[in-house]
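Asker:
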Amino acid sequence: MSTITYKPSEETLLAYAAGTLRGPEAAVVAAHISLCPDSGRLVETLQRVGGHLIERLPPTRLGENAFRNLMARIDADGGESVVETALNEMTDLPEPLRRFPLGPWRWLGPGTRVRSVGVPKDGDCRVLLFKIDPGRRMPQHSHEGVELTCVLSGSYRDEAGRFGPGDFEEADEATDHRPMVDSDLPCLCVVALDGQIRLSGLLGRLIQPFARL
Amino acid sequence: MQPSHPSELGRLIEAVGQNRDREAFARLFDHFAPRLKTYLMRAGANPGAAEDFAQEAMLTVWRKAALFDPARAGASTWIFTIARNLRIDAARREKLGQREPDLTELPDDPEQPDTILTGADDAARVSSALAALTAEQSRIVTLSYFHEKAHAEIARELGIPLGTVKSRLRLAIIRLRGLLSETQ
Numbered sequence: 001m002s003t004i005t006y007k008p009s010e011e012t013l014l015a016y017a018a019g020t021l022r023g024p025e026a027a028v029v030a031a032h033i034s035l036c037p038d039s040g041r042l043v044e045t046l047q048r049v050g051g052h053l054i055e056r057l058p059p060t061r062l063g064e065n066a067f068r069n070l071m072a073r074i075d076a077d078g079g080e081s082v083v084e085t086a087l088n089e090m091t092d093l094p095e096p097l098r099r100f101p102l103g104p105w106r107w108l109g110p111g112t113r114v115r116s117v118g119v120p121k122d123g124d125c126r127v128l129l130f131k132i133d134p135g136r137r138m139p140q141h142s143h144e145g146v147e148l149t150c151v152l153s154g155s156y157r158d159e160a161g162r163f164g165p166g167d168f169e170e171a172d173e174a175t176d177h178r179p180m181v182d183s184d185l186p187c188l189c190v191v192a193l194d195g196q197i198r199l200s201g202l203l204g205r206l207i208q209p210f211a212r213l
Numbered sequence: 001m002q003p004s005h006p007s008e009l010g011r012l013i014e015a016v017g018q019n020r021d022r023e024a025f026a027r028l029f030d031h032f033a034p035r036l037k038t039y040l041m042r043a044g045a046n047p048g049a050a051e052d053f054a055q056e057a058m059l060t061v062w063r064k065a066a067l068f069d070p071a072r073a074g075a076s077t078w079i080f081t082i083a084r085n086l087r088i089d090a091a092r093r094e095k096l097g098q099r100e101p102d103l104t105e106l107p108d109d110p111e112q113p114d115t116i117l118t119g120a121d122d123a124a125r126v127s128s129a130l131a132a133l134t135a136e137q138s139r140i141v142t143l144s145y146f147h148e149k150a151h152a153e154i155a156r157e158l159g160i161p162l163g164t165v166k167s168r169l170r171l172a173i174i175r176l177r178g179l180l181s182e183t184q
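Chains as they are written, first to last, in full-length UniProt numbering: chain A, 1 to 213; chain B, 1 to 184.
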């Protein structure tokens, strides 16, 4: 594994560890963590702090039959333990992303394909997988909120630097970029996105109404 | 007997995982469910939604107990991450009935020296690491665990810019990493 240069900020990792990130953002951070032992260690440390805070909280009384109701639920469904099964066929995806169903690959322009990742949306924010051929640029898109990207394979370059496997990039409204893939193989990345993607060129404008991503 | 010793709680989770031990599960429930309810109420959920959440989290504890590995995480850390994952799940979060959290009900008590002295192993380390932060750092970190808008709220409360809150939070996290990472 190549060295990871770009990591989420400390406060993003804390928000992940604390559970205050939105689901789509958390999925992309989880993908990064599975590729970056360094970020993983910090998150584990922050989870220990979370465990400690739970332990210190004063208890709040539950409803009278809370435990009995829960056992009734457990008995009703057989009380089986769960085994997390992969819900998609992309065996090369990091483990946290294998838990989500994937939409079909869609053509988004020359050398550019995208499929949706079935993380429950939060408002407008959703998760997409992009696969972009060498030398191609990401489709033009607006940033109407945050955009978190984790590279899974290949690499791209933009004003901020060169992003390879495991690298994480955080962009917001102020960022205007069209990263270009500079690896020999296609670049696969997972993105949590708030804004709309605007397809460029005549063809792009023609298919825009059908391409609601 | 109160199952409050961290490794005792871990053994209870293992008993549930290996033997589907209902007695052990009842004791885990008594210890954690009321705290998980508090956790979600402090995160802004109404009491009913917070109780449903605590039930859901404990159901997941029952189902996933066999995956608990005491070498990797303490009992309360493991249960915290289960609750955390439920909280991240946007579909479930819709049902939490979020209201604006009231800062006065959020914890701001400093670490008590007696916890530091008597707490066992990891709990003691985390406790003394938090105690080593400044009062303000500790408050910013603690609040960050309870709700999304914590940083904006803190900025308003302390009358400092949001960027300053974020840089203080960053320093606090780096400090915690330093205090908690060595000899693990």
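Every residue, glycine too, gets a C-beta built ideally from N, C-alpha and C.
(1) Chain B beta carbons: is any one of them nearer than 7 angstroms to that of ASP124 (chain A)?
(2) With respect to the beta strand (DSSP E) encompassing TYR156 (chain A), which residues constitute its N-terminal and C-terminal limits?
(3) Among the residues of its own chain, which have a CB less than 7 angstroms from the CB of LYS166 (chain B), if the five just before and after it don't count?
(4) Under 8 angstroms, with one C-beta from each stretch per pair, do the segment 66 to 78 of chain B and the segment 9 to 21 of chain B reach the 3-pair mark?
(5) Please return the same chain residues whose Cβ sits closer than 8 angstroms to the Cβ of GLY161 (chain A), not counting the five positions on each side in sequence.
(6) With 16 other CB atoms within 10 Å as the buried threshold, where does GLY48 (chain B) fall?
(7) Beta strand (DSSP E) containing ILE132 (chain A): first to last residue?
(8) Quick one: residues in its chain with C-beta nearer than 7 angstroms to the C-beta of PRO161 (chain B), no 5 flanking neighbours on either side, listed in chain order?
(9) Tell me, please, whether the segment 44 to 59 of chain A touches the segment 110 to 117 of chain A by the rule of three or more beta-carbon pairs shorter than 8 angstroms.
(10) Once you ignore the five residues that flank ASP30 (chain B) on each side, which residues in its own chain have a CB closer than 6 angstroms to its CB?
(11) By how many angstroms is the C-alpha of ASN69 (chain A) removed from the C-alpha of ASN85 (chain B)?
(12) With DSSP collapsed to three states, give me the class of GLY161 (chain A).
(13) Can you tell me which of the three DSSP states ALA86 (chain A) falls into?
(14) Hey, ALA171 (chain A) and PRO96 (chain A): beta-carbon distance below 7 angstroms or not?
(15) What are the boundary residues of the alpha helix (DSSP H) that includes GLU23 (chain B)?
(16) Please report the distance separating the alpha-carbon of ASP122 (chain B) from that of GLY74 (chain B).
(17) With a cut-off of 7 angstroms, does the C-beta of PHE80 (chain B) fall near any C-beta of chain A?
(18) Return no unless some Cβ of chain A is closer than 7 angstroms to the Cβ of THR38 (chain B).
(19) Give the range of the beta strand (DSSP E) segment to which PHE168 (chain A) is assigned.
(20) Using a Cβ-Cβ distance under 7 angstroms, would GLY74 (chain B) count as near chain A?
(21) Could you check where the alpha helix (DSSP H) with GLU95 (chain A) kicks off and where it finishes?
(22) For chain B, is any of its Cβ atoms less than 7 angstroms away from the one on PRO59 (chain A)?
(23) Counting only beta-carbon separations shorter than 7 angstroms, does GLU55 (chain A) have a partner in chain B?
(24) What residue from B:ILE140, B:PHE80, B:ALA135 has the CA that sits closest to GLY163 (chain B)'s CA?
(25) Note down, in chain order, every chain B residue with its Cβ under 9 angstroms from the Cβ of ARG73 (chain A).
(26) The segment 122 to 145 of chain B: which residues have C-beta closer than 9 angstroms to a C-beta of chain A, in chain order?
(27) Nearest CA to the CA of THR12 (chain A): which residue from A:GLU169, A:VAL181, A:THR91, A:MET180?
(28) Chain A partners of ILE154 (chain B), CB-CB under 9 angstroms?
(29) Given a cut-off of 7 angstroms, decide if LEU108 (chain A) and PRO139 (chain A) are closer than it, judged by their beta-carbon atoms.
(30) Under 8 angstroms between beta-carbons, which chain A residues line up against LEU169 (chain B)? List them in chain order, please.
(31) Looking at ASP158 (chain A): is its Cβ nearer than 7 angstroms to the Cβ of PRO179 (chain A)?
(32) Going straight from the alpha carbon of ILE54 (chain A) to that of SER127 (chain B), what length do you get?
(33) Going by DSSP, name the residue or residues bridged to ALA192 (chain A).
(34) Roughly how many angstroms separate the alpha carbons of ALA54 (chain B) and ARG73 (chain A), rounded to a whole number?
(35) Thinking C-alpha only, which one of A:ARG126, A:ARG41, A:ALA192, A:THR60 is nearest THR149 (chain A)?
(36) Looking at the C-beta of ARG99 (chain A), does it have a partner C-beta in chain B at a distance below 7 angstroms?
Answerer: This is what the structure holds:
(1) For the purposes of this step, residue 124 (chain A) is taken as residue 124 along the first sequence, with counting starting at 1. No, ASP124 (chain A) does not count as interfacial toward chain B.
(2) Working through the first sequence from its first residue, we reach residue 156 (chain A) at position 156. First-last of the beta strand (DSSP E) with TYR156 (chain A): 156 to 158.
(3) As a working mapping, residue 166 (chain B) is identified with position 166 in the second sequence. Same-chain partners within the cutoff: HIS151.
(4) Segments in contact, yes.
(5) On the first sequence, position 161 is the one that residue 161 (chain A) refers to. Excluding sequence neighbours, GLY161 (chain A) sits near THR5, TYR6.
(6) Working through the second sequence from its first residue, we reach residue 48 (chain B) at position 48. Flag for GLY48 (chain B) reads exposed.
(7) Here residue 132 (chain A) corresponds to residue number 132 of the first sequence, with the count starting at 1. From DSSP, the beta strand (DSSP E) with ILE132 (chain A) extends over 125 to 132.
(8) Taking the first residue of the second sequence as position 1, residue 161 (chain B) is located at position 161. ALA155.
(9) Too few Cβ pairs lie closer than 8 angstroms, so no.
(10) If you number the second sequence from 1, residue 30 (chain B) lands on position 30. Same-chain partners within the cutoff: there are none.
(11) On the second sequence, residue 85 (chain B) is found 85 positions in, with the first residue counted as 1. On the first sequence, residue 69 (chain A) is found 69 positions in, with the first residue counted as 1. Roughly 23 angstroms between the two C-alpha positions.
(12) As a working note, residue 161 (chain A) is residue 161 in the first sequence. In the structure shown, GLY161 (chain A) sits in a strand (DSSP, three-state: E or B).
(13) Numbered from 1 along the first sequence, position 86 holds the residue referred to as residue 86 (chain A). DSSP places ALA86 (chain A) in coil when its eight states are reduced to three.
(14) Walking along the first sequence from the start, residue 171 (chain A) turns up at place 171. Walking along the first sequence from the start, residue 96 (chain A) turns up at place 96. In this structure, ALA171 (chain A) lies away from PRO96 (chain A), with their beta-carbon atoms at least 7 angstroms apart.
(15) As a working note, residue 23 (chain B) is residue 23 in the second sequence. That run of the alpha helix (DSSP H) goes 22 to 42.
(16) Translated into positions along the second sequence, residue 122 (chain B) becomes position 122. Translated into positions along the second sequence, residue 74 (chain B) becomes position 74. Those two C-alpha atoms are separated by around 8 angstroms.
(17) The residue you call residue 80 (chain B) lines up with position 80 of the second sequence. Interface criterion met: the Cβ of PHE80 (chain B) is under 7 angstroms from a Cβ in chain A.
(18) Here residue 38 (chain B) refers to the residue found at position 38 of the second sequence. Chain A contact via Cβ: present.
(19) In the first sequence, residue 168 (chain A) corresponds to position 168, counting from 1. PHE168 (chain A) -> beta strand (DSSP E) spans 168 to 171.
(20) One-based indexing of the second sequence puts residue 74 (chain B) at position 74. At least one chain A Cβ lies under 7 angstroms of GLY74 (chain B).
(21) Taking the first sequence and counting its residues from 1, one reaches residue 95 (chain A) at position 95. Bounds of the alpha helix (DSSP H) holding GLU95 (chain A) are 95 to 98.
(22) Counting from one through the first sequence, the residue named residue 59 (chain A) turns up at place 59. Closer than 7 angstroms to some Cβ of chain B, the Cβ of PRO59 (chain A) qualifies, so yes.
(23) Position 55 of the first sequence holds residue 55 (chain A). So, interface residue.
(24) Counted from its first residue, the second sequence places residue 163 (chain B) at position 163. Minimum Cα distance to GLY163 (chain B) is reached at B:ILE140.
(25) In the first sequence, residue 73 (chain A) corresponds to position 73, counting from 1. Under the 9 angstroms cutoff, chain B gives GLN55, LEU59.
(26) ASP122, ALA123, ARG125, VAL126, SER127, ALA129, LEU130, VAL141, THR142, SER144, TYR145
(27) As a working note, residue 12 (chain A) is residue 12 in the first sequence. Cα-wise, what sits closest to THR12 (chain A) is A:GLU169.
(28) On the second sequence, position 154 is the one that residue 154 (chain B) refers to. In chain order: nothing, as chain A lies at least about 12 angstroms away.
(29) For this step, residue 139 (chain A) is matched to residue 139 along the first sequence. For this step, residue 108 (chain A) is matched to residue 108 along the first sequence. Judged by beta-carbon spacing, LEU108 (chain A) lies within the 7 angstroms limit of PRO139 (chain A), meaning their Cβ atoms are closer than that value.
(30) Translated into positions along the second sequence, residue 169 (chain B) becomes position 169. Going along chain A in sequence order, the residues near LEU169 (chain B) (Cβ under 8 angstroms) are GLU10, GLU11, LEU14.
(31) Taking the first sequence and counting its residues from 1, the one referred to as residue 158 (chain A) is at position 158. Taking the first sequence and counting its residues from 1, the one referred to as residue 179 (chain A) is at position 179. Yes, Cβ-Cβ distance for ASP158 (chain A) and PRO179 (chain A) is below 7 angstroms.
(32) As a position in the first sequence, residue 54 (chain A) is number 54, starting the count at 1. As a position in the second sequence, residue 127 (chain B) is number 127, starting the count at 1. Cα-Cα distance, rounded: 12 angstroms.
(33) Here residue 192 (chain A) refers to the residue found at position 192 of the first sequence. Looking at the DSSP assignment, ALA192 (chain A) forms a beta bridge with A:VAL127, A:LEU148.
(34) Mapped onto the second sequence, residue 54 (chain B) falls at position 54. Mapped onto the first sequence, residue 73 (chain A) falls at position 73. Those two C-alpha atoms are separated by around 14 angstroms.
(35) For the purposes of this step, residue 149 (chain A) is taken as residue 149 along the first sequence, with counting starting at 1. The candidate whose alpha carbon is nearest that of THR149 (chain A) is A:ALA192.
(36) Reading the first sequence from its first residue, position 99 is the one you call residue 99 (chain A). So, not an interface residue.
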